[in-house]
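Asker: For the sequence shown, full-length UniProt numbering assigns the number 1 to the initial residue and increments by one for each residue that follows.
From the three backbone atoms N, C-alpha and C, an ideal C-beta is built for every residue, glycine too.
Just so it is clear, the structure is predicted and the values come from calculations on it, not from any experiment.
To start, I am sharing the structure in question, which I have written as structure tokens.
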Amino acid sequence: MSFVNIGQLVFGLFSRIMISGFAIDWTAMSIAYCKARLTVFLLCSLISYTCLCFAIVDQYLVTCNRIRWQQWSNIKTAYCLVIIFAFIWCIFIVPYPIFFQHVTSPTTGKITCTVTNQNMLIYRYYFVGAFLGGYLPDFITVVFGILAYRNIRQIAYRTVPIVRRELDTQLTTMIFIQVLINFLTNVPSVTMSVILNATTYINNAAVLEILQFINTITLMIFYTYFGSSFYIYMCVSERFRRQFVYVMTKIYFKRWQQQLAVNNQVVPT
Numbered sequence: 001m002s003f004v005n006i007g008q009l010v011f012g013l014f015s016r017i018m019i020s021g022f023a024i025d026w027t028a029m030s031i032a033y034c035k036a037r038l039t040v041f042l043l044c045s046l047i048s049y050t051c052l053c054f055a056i057v058d059q060y061l062v063t064c065n066r067i068r069w070q071q072w073s074n075i076k077t078a079y080c081l082v083i084i085f086a087f088i089w090c091i092f093i094v095p096y097p098i099f100f101q102h103v104t105s106p107t108t109g110k111i112t113c114t115v116t117n118q119n120m121l122i123y124r125y126y127f128v129g130a131f132l133g134g135y136l137p138d139f140i141t142v143v144f145g146i147l148a149y150r151n152i153r154q155i156a157y158r159t160v161p162i163v164r165r166e167l168d169t170q171l172t173t174m175i176f177i178q179v180l181i182n183f184l185t186n187v188p189s190v191t192m193s194v195i196l197n198a199t200t201y202i203n204n205a206a207v208l209e210i211l212q213f214i215n216t217i218t219l220m221i222f223y224t225y226f227g228s229s230f231y232i233y234m235c236v237s238e239r240f241r242r243q244f245v246y247v248m249t250k251i252y253f254k255r256w257q258q259q260l261a262v263n264n265q266v267v268p269t
């Protein structure tokens with residue numbers, strides 16, 4: 001999940017900063033980047049949301065009181081499902097590199113990377129953007145997050161070891177906070193994308209400027225989800241903080257000291 005989040009930030013956020021902040025649009029300079037950016041951006045987003053959905057569903061299964069359902073929670077099943085859905089998402093985004101192309105404005109002469117096919121626009125904004133990458137994962141994560149939270153509340157009444165109970169509670173809290181962050185960052189961006197696509201025939205320049213400004217703000221908020229996992233875990237999980245401090249101080253810092261000592265040794269002549 002971390003790899004696709006990094007890919008999303010590189011192809012999504014970094015490019016967006018260059019476009020909105022410095023007026024440098026690489027998608028208009030290169031047709032290859034024009035086709036690749038949205039393709040990789042969308043693939044990374046879909047895989048990231050898939051991993052989040054599986055994580056919260058897995059936590060629901062782990063905390064469930066039915067042994068048969070708990071058996072579905074294993075790393076082999078998780079790997080298989082992620083690989084299967086990654087191939088499925090690759091199939092869904094095949095039209096992107098096909099239909100995205102350079103279009104030159106007849107009035108300003110400006111080149112933009114966009115889609116002109118009306119059916120592809122509907123497919124992009126409403127099916128892939130709003131449904132697959134928006135409201136569907138939000139719905140799944142919220143529903144199973146509530147169910148997992150309910151299971152955690154009931155763990156106190158079961159015969160479960162205290163250590164296991166604390167770990168389940170902590171992990172569920174971490175994932176639940178991530179689900180909440182995803183919902184708060186994803187819904188506004190998806191909604192604004194749908195609104196902008198539905199208002200393509202508005203001729204009022206002031207209204208369009210306001211909508212574009214709001215869309216830029218929601219996009220910046222949207223990207224925070226892909227870089228927030230580490231900070232969420234650090235804030236929520238005491239065990240994660242202890243492990244992080246241990247790795248940084250006892251392993252990497254000690255290794256750095258040993259390397260420094262070796263470099264500072266005086267070789268006799």
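The beta strand (DSSP E) that contains residue 103, what's its start and end?
Answerer: Your numbering for residue 103 matches position 103 in the sequence shown. It spans 101-104 - the beta strand (DSSP E) in which residue 103 sits, taken as one unbroken run.
Asker: Count the CB pairs spanning the region 62-69 and the region 89-97 that are closer than 8 Å, and state whether there are at least three.
Answerer: Short answer: they don't touch.
Asker: Grab me the residues of residue 31's own chain with a C-beta within less than 6 Å of its C-beta, minus the 5 sequence neighbours each way, in chain order.
Answerer: Numbered from 1 along the sequence shown, position 31 holds the residue referred to as residue 31. Excluding sequence neighbours, residue 31 sits near 102.
Asker: Spatial neighbours of residue 251 within its chain, please: C-beta separation below 8 Å, excluding the five flanking residues on both sides.
Answerer: Taking the first residue of the sequence shown as position 1, residue 251 is located at position 251. For residue 251, where only same-chain residues beyond five positions count, there are no Cβ hits under 8 Å.
Asker: Can you check DSSP and say which residues form a bridge with residue 113?
Answerer: Your numbering for residue 113 matches position 113 in the sequence shown. Note: residue 113 sits in a beta bridge opposite 102.
Asker: For residue 135, which option in 152, 184, 92 and 153 has the closest C-alpha, if you only look at C-alpha atoms?
Answerer: The residue given as residue 135 occupies position 135 in the sequence shown. Looking only at 152, 184, 92 and 153, the smallest Cα-Cα distance to residue 135 is reached by 184.
Asker: Check for me: the alpha helix (DSSP H) holding residue 82 runs from which residue to which?
Answerer: By one-based count along the sequence shown, residue 82 stands at place 82. Looking at the DSSP string, the run of the alpha helix (DSSP H) that includes residue 82 is 75-92.
Asker: Can you tell me whether residue 69 is helix, strand or coil according to DSSP?
Answerer: To locate residue 69, count along the sequence shown from 1; it is residue 69. Three-state DSSP puts residue 69 in a helix.
Asker: Distance check for residue 50 and residue 137, CA to CA, integer angstroms please.
Answerer: Indexing the sequence shown from 1 puts residue 137 at position 137. Indexing the sequence shown from 1 puts residue 50 at position 50. When rounded, the distance between both Cα atoms is 7 Å.
Asker: Would residue 9 and residue 226 qualify as a contact pair, given that the criterion is a beta-carbon distance under 8 Å?
Answerer: For the purposes of this step, residue 9 is taken as residue 9 along the sequence shown, with counting starting at 1. For the purposes of this step, residue 226 is taken as residue 226 along the sequence shown, with counting starting at 1. A contact, by the Cβ cut-off of 8 Å.
Asker: Just curious, the alpha helix (DSSP H) that residue 36 is in, first and last residue?
Answerer: Your numbering for residue 36 matches position 36 in the sequence shown. First-last of the alpha helix (DSSP H) with residue 36: 31-63.
Asker: Please classify residue 69 as buried or exposed, where buried requires at least 16 other C-beta atoms within 10 Å of its C-beta.
Answerer: Reading the sequence shown from its first residue, position 69 is the one you call residue 69. With fewer than 16 other Cβ atoms within 10 Å, it is exposed.
Asker: Do you know offhand how far residue 192's Cα is from residue 235's?
Answerer: The residue given as residue 192 occupies position 192 in the sequence shown. The residue given as residue 235 occupies position 235 in the sequence shown. Distance from the CA atom of residue 192 to the CA atom of residue 235, rounded to whole angstroms, is 30 Å.
Asker: Let's see if you can read the secondary structure: which residues bound the alpha helix (DSSP H) around residue 20?
Answerer: The sequence position of residue 20 within the sequence shown is 20, counting from 1. Element bounds for residue 20: 15-22.
Asker: Compare the C-alpha of residue 27 against each of 14, 35 and 21 and name the closest.
Answerer: The sequence position of residue 27 within the sequence shown is 27, counting from 1. It is 35 whose Cα lies nearest to the Cα of residue 27.
Asker: Please report the distance separating the alpha-carbon of residue 267 from that of residue 260.
Answerer: Taking the first residue of the sequence shown as position 1, residue 267 is located at position 267. Taking the first residue of the sequence shown as position 1, residue 260 is located at position 260. Caution applies to residue 267, whose pLDDT of 49 falls short of 50 and renders its modelled position unreliable; the value that the coordinates give is listed next. Distance between the alpha carbons of residue 267 and residue 260 is about 15 Å.
Asker: Tell me whether residue 138 sits in a helix, a strand or coil according to DSSP, three-state version.
Answerer: Here residue 138 refers to the residue found at position 138 of the sequence shown. Helix at residue 138.
Asker: Check whether the Cβ atoms of residue 203 and residue 141 lie closer than 8 Å to each other.
Answerer: If you number the sequence shown from 1, residue 203 lands on position 203. If you number the sequence shown from 1, residue 141 lands on position 141. For residue 203 and residue 141, no; Cβs fall outside 8 Å.
Asker: Measure from the alpha carbon of residue 43 to the alpha carbon of each residue in 85, 222, 199 and 189, then state which is nearest.
Answerer: What you label residue 43 is simply residue 43 of the sequence shown in a count that begins at 1. When only C-alpha atoms are compared, the closest one is 85.
Asker: From the DSSP output, in three-state form, read off residue 218 for me.
Answerer: In the sequence shown, counting from the first residue as 1, residue 218 sits at position 218. Here residue 218 sits in helix by DSSP.
Asker: Going straight from the alpha carbon of residue 120 to that of residue 92, what length do you get?
Answerer: Position 120 of the sequence shown, counted from the first residue, corresponds to residue 120. Position 92 of the sequence shown, counted from the first residue, corresponds to residue 92. Roughly 12 Å between the two C-alpha positions.
Asker: In whole angstroms, what is the alpha-carbon distance linking residue 45 and residue 133?
Answerer: Residue mapping note: residue 45 aligns to position 45 of the sequence shown, counting from 1. Residue mapping note: residue 133 aligns to position 133 of the sequence shown, counting from 1. About 7 Å.
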